[in-house]
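Heads up, the thing below is written out as structure tokens.
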Amino acid sequence: MSENIVVETAERIFADLADPQTVNADANGSWKAPLWNALTEAGLPLAWVPEACDGAGASLADGFGVLSAAGRFGIAVPLAETLLAGWLLAKAGIAAPQEAMTVAPTHPRDRIALQGDGTLAGRARDVPFAQDAKSIAVLVEGDGGTQVALVDAGQCRIVPGRNLAGDGSDSVSFDGVRPLTVRPAPADADGPALLLMGGVVRSLQIAGTLEAMLEISVRYANERVAFEKKIAKFQAVQHNLARLAGEAAAALAAASSAADAIANGAGFDDAVFLEAVSAKIRCAEAAGTGAAIAHQVHGAIGFTREHILHRFTMRALAWRDDFGNESYWAVELGRRIAARGADELWPLVASR
0 MSENIVVETA ERIFADLADP QTVNADANGS WKAPLWNALT EAGLPLAWVP
50 EACDGAGASL ADGFGVLSAA GRFGIAVPLA ETLLAGWLLA KAGIAAPQEA
100 MTVAPTHPRD RIALQGDGTL AGRARDVPFA QDAKSIAVLV EGDGGTQVAL
150 VDAGQCRIVP GRNLAGDGSD SVSFDGVRPL TVRPAPADAD GPALLLMGGV
200 VRSLQIAGTL EAMLEISVRY ANERVAFEKK IAKFQAVQHN LARLAGEAAA
250 ALAAASSAAD AIANGAGFDD AVFLEAVSAK IRCAEAAGTG AAIAHQVHGA
300 IGFTREHILH RFTMRALAWR DDFGNESYWA VELGRRIAAR GADELWPLVA
350 SR
């Protein structure tokens, strides 16, 4: 399948079954099951799983394109998490279940141990959609080094939590849980690799939400009348919209460049690290600035539950913290650059 076909399929499904206004008006969440069924039938949640492991066998670029589109619709189902789980399981040669999944750990300082008796020990914080997942792909540490474990979510103790957008962000205890399958993790699917991959996924989703924020804000500014003229005619509003457009463009450029680096790279080397970390930092900053501008343009109406703006701003703000926030990655980037030495900084930056 080509990238265009995959992304166009995703966009068509999102437009038909996840229109933001329709979703926002559905207090019972009845839209989720039809959307997930359509995505599953199209093979999108397991796009990164080879056919040999019961997946769709699409490219990394295809999946990244789908995630960018998902961001533009403010999708609130575990599509990104299932994609990541499938990617991790495939790296270890584990067949992916045909169901919603999530990954753990997503916090840089969380560790899950594989004990001598074959059970797990440890807790993972802020695991997205853990309550909605049937299985969890987990990176575990044991005597044999880093390994990938497939875990039945029903065997874990899950403490419900919510992020800023109201989506699941749960605490999961793996104590005493026996994995369904455990296999060694390759070098390009260890803890840092999972965080970088997840960071790029969130960067693409944030970039997508910023595009939606810009479109919604421009449309509103051209409709809202104050002092007998559209507010889009006021210079202050025009300036803010231009700033929002700049933030959206910067986020899209950074996220797309990082996705391209991963899709075309041989592994998570220093060049990919620079791209992925820079994207996460820049997109997180853009989320904060962009959300503030979008709400300022809309005024009080943008804060109401009835308006769709919050579906995008709150998710963009929530996604900043997943897989390491900008502060964590800024420190890690500084350490990596310092370790390389001053003479290596410019050649690394200029090579991208």
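Everything in the sequence shown is counted per numbering that gives the first Met the number 0, starting at 0 for the first residue and increasing by one. In this text, a Cβ means the ideal position worked out from N, Cα and C, and glycines have one as well. Source: prediction; values computed, not measured.
For residue i, count the other beta carbons within 10 Å of its own beta carbon; 16 or more makes it buried, fewer makes it exposed. Which is it?
i	result
residue 71	buried
residue 353	Residue 353 falls outside the range modelled here, since the chain spans only 0 to 351, and no answer is possible.
residue 74	buried
residue 353	Since the first residue of the chain shown is 0 and the last is 351, residue 353 is not available in this structure.
residue 407	Here the chain comprises residues numbered 0 to 351, so residue 407 is not present and cannot be evaluated.
residue 316	buried
residue 348	exposed
residue 228	exposed
residue 224	exposed
residue 268	exposed
residue 330	exposed
residue 21	exposed
residue 281	buried
residue 350	exposed
residue 292	buried
residue 128	buried
residue 7	exposed
residue 344	exposed
Here's a check: name, in chain order, each residue in its chain whose Cβ is nearer than 8 Å to the Cβ of residue i, leaving out the five neighbours to either side.
i	result
residue 352	The structure shown has nothing for residue 352, since the chain only spans 0 to 351.
residue 92	52, 182
residue 97	39, 45, 53
residue 161	167, 168
residue 217	231, 240
Measure the C-alpha to C-alpha separation of residue i and residue j and round it to an integer number of angstroms.
i	j	result
residue 387	residue 313	Absent from the model: residue 387. The displayed extent of the chain is 0 to 351, so no value can be given.
residue 346	residue 270	11 Å
residue 189	residue 327	18 Å
residue 274	residue 192	13 Å
residue 304	residue 250	26 Å
residue 120	residue 13	38 Å
residue 370	residue 258	The first residue shown for the chain is 0 and the last is 351, placing residue 370 beyond what the model contains.
residue 214	residue 222	13 Å
residue 171	residue 130	9 Å
residue 165	residue 335	35 Å
residue 235	residue 307	23 Å
residue 195	residue 322	7 Å
residue 4	residue 263	20 Å
residue 242	residue 253	17 Å
residue 106	residue 279	14 Å
If you drop the 5 nearest sequence neighbours on each side, which residues of the same chain put their C-beta closer than 6 Å to that of residue i?
i	result
residue 283	319, 325
residue 56	49, 50
residue 148	137, 139, 178, 181
Excluding sequence positions up to five away, which residues of its chain have a Cβ less than 7 Å from the Cβ of residue i?
i	result
residue 219	296, 297
residue 200	66, 79, 83
residue 311	73, 208, 211, 212
residue 76	31, 34, 35
residue 145	138, 184, 189, 190
residue 244	213
residue 23	307, 310
residue 0	Its pLDDT being 40, under 50, residue 0 is placed unreliably in this model, and the coordinates cannot settle the point.
Run the proximity test for residue i: is its beta-carbon closer than 7 Å to any non-hydrogen atom belonging to the ligand ZN?
i	result
residue 186	Although the ligand ZN was asked about, the structure shown includes no ligands whatsoever.
| Is the stretch 96–104 touching the stretch 124–138 in the sense that three or more CB pairs, one from each, lie closer than 8 Å? | They touch, by the three-pair rule.
| field | Validate contact between the stretch 43–55 and the stretch 150–163 using beta carbons, cut 8 Å, 3 pairs | value | Verdict: no, contact absent.
| request: Starting from the N-terminal side, write out each stretch of the alpha helix (DSSP H) that is 4 residues or longer and does not extend beyond the stretch 203–267. | output: Runs of the alpha helix (DSSP H) inside the stretch 203–267: 234–263.
| query | For the 8 Å Cβ check, are there 3 or more pairs between the stretch 158–175 and the stretch 21–37? | reply | Taking 8 Å as the limit for Cβ pairs, the verdict is that the stretch 21–37 does not touch the stretch 158–175.
| Any contact of the stretch 56–65 with the stretch 107–119, i.e. 3+ C-beta pairs under 8 Å? | No: fewer than three Cβ pairs fall under 8 Å.
| query | Which ranges does the alpha helix (DSSP H) cover as unbroken runs of at least 4 residues, wholly within the stretch 51–104, from first to last along the chain? | reply | Segments of the alpha helix (DSSP H) lying fully in the stretch 51–104: 59–72, 78–90.
| Complete runs of the beta strand (DSSP E) confined to the stretch 3–51 [at least 3 residues] | Taking 3 residues as the shortest admissible run, the stretch 3–51 contains no complete beta strand (DSSP E) segment at all.
| field | Completely contained alpha helix (DSSP H) runs for the stretch 127–151, where each covers 4 or more residues | value | You should have found no qualifying run.
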